[in-house]
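Asks: What the sequence shown shows, in numbering that gives the first Met the number 0, is residues 0 to 92, in sequence order. C-beta atoms are modelled at their ideal positions from N, C-alpha and C, and glycine is treated no differently. All values derive from a computational prediction rather than experimental measurement. Please read through the structure below; I'll follow up with questions.
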Amino acid sequence: MISAIVMIKADVHRIPEVAQEISEIDGIAEVYSVTGDVDLIAVAKVGQHEDFADVIADRLNKVEGVRDSQTHIAFRTYSSRDLGAAFAIGLDD
0 MISAIVMIKA DVHRIPEVAQ EISEIDGIAE VYSVTGDVDL IAVAKVGQHE DFADVIADRL
60 NKVEGVRDSQ THIAFRTYSS RDLGAAFAIG LDD
């Protein structure tokens, strides 16, 4: 899977509705309501780069109340679970 983090500016009066609609799009794994320069952050996960066009450009950006978005495609994913597994390689008892 290929992941992208989408920073979303939304109409302030529709943030909960926008978040809910975005969370129902196939290819969106999670949506967070956040503080700062953006209102929402969505995590998109797709099988091919071309699928981002459908998920983000054709669907997410057309949700009523989305004012602007900025997409960051992930090159590599790190997590404590992955790091623990990597350090455990070859440590069979």
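Return yes when the Cβ of I40 is within less than 8 angstroms of the Cβ of M0, no when it is not.
Replies: Going by C-beta atoms, M0 is not nearer than 8 angstroms to I40.
Asks: For V33, name the three-state secondary structure that DSSP assigns.
Replies: Coil.
Asks: Where do the ends of the alpha helix (DSSP H) carrying A18 lie?
Replies: I14 to S22 is the span of the alpha helix (DSSP H), which, as asked, contains A18.
Asks: At which residues does the beta strand (DSSP E) containing M6 begin and terminate?
Replies: Start and end: I1 to A9.
Asks: Check each candidate in R58, I27 and Q19 and name the one with the smallest Cα separation from G46.
Replies: The candidate whose alpha carbon is nearest that of G46 is I27.
Asks: So, helix, strand or coil for D67, using DSSP?
Replies: Reduced to three states, the DSSP call for D67 is strand.
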